[in-house]
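Quick notes on the structure that follows.
This is the structure in structure tokens:
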């Protein structure tokens, strides 16, 4: 395997994102039916100093009981590392704008992150890709 040195230095990577979106339908037991939306997230790692500063600020907000500010700060953190999206190979992008596939732009990333379900799925995909037994994965290759 070969690595592009610029991508390696910036620690850019892709990860599958699966979003469970509640629909207007109920199942036979009266529970909400969820639709699944999959896309490829484009990510980058946040520099250590930036991450430390963000965590300190977020912790201070949480300790002060400022829940809304903490939620907003967490959303801004996700915008730091979620830098784009694309369709899963062989599939259509699940998000559209006026019937056209949603373009991967900073504005549209912010729109997607307004959805709690998308925000949570993006955060989960990033954490899984960055933290899930990285040493074991690397030693097998």
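Residue numbers (UniProt numbering): 1 to 141. Where is the CB? At the ideal position from N, CA and C, for every residue including glycine.
Own chain residues within Cβ distance below 8 Å of residue i, not counting five before or after
i           : result
residue 75  : 113, 119
residue 36  : 18, 19, 20, 21
residue 41  : 14, 15, 16, 17, 82, 84, 85, 122, 125, 126
residue 110 : 79
residue 73  : 54, 57, 58, 61
residue 96  : 102
residue 26  : 32, 33
residue 129 : 13, 15, 43
For residue i, the three-state DSSP class (helix, strand or coil)
i           : result
residue 99  : coil
residue 64  : coil
residue 88  : coil
residue 108 : helix
residue 2   : coil
residue 114 : coil
residue 93  : coil
Which residues DSSP lists as bridging residue i, in chain order
i           : result
residue 123 : DSSP lists no partner for residue 123.
residue 14  : 42
residue 26  : 32
residue 19  : 37
residue 82  : 43
7 Å CB neighbourhood of residue i in its chain, flanking five on each side removed
i           : result
residue 121 : 17, 18, 19
residue 108 : 102
Member of the options whose CA lies at the smallest distance from the CA of residue i
i          : options        : result
residue 51 : 6, 78, 115     : 78
residue 54 : 65, 43, 71     : 71
residue 12 : 93, 43, 29     : 43
residue 48 : 10, 99, 1, 108 : 10
residue 91 : 24, 38, 2      : 38
Contacting residues, own chain, Cβ-Cβ under 6 Å from residue i (five flanking each side not counted)
i          : result
residue 80 : 46
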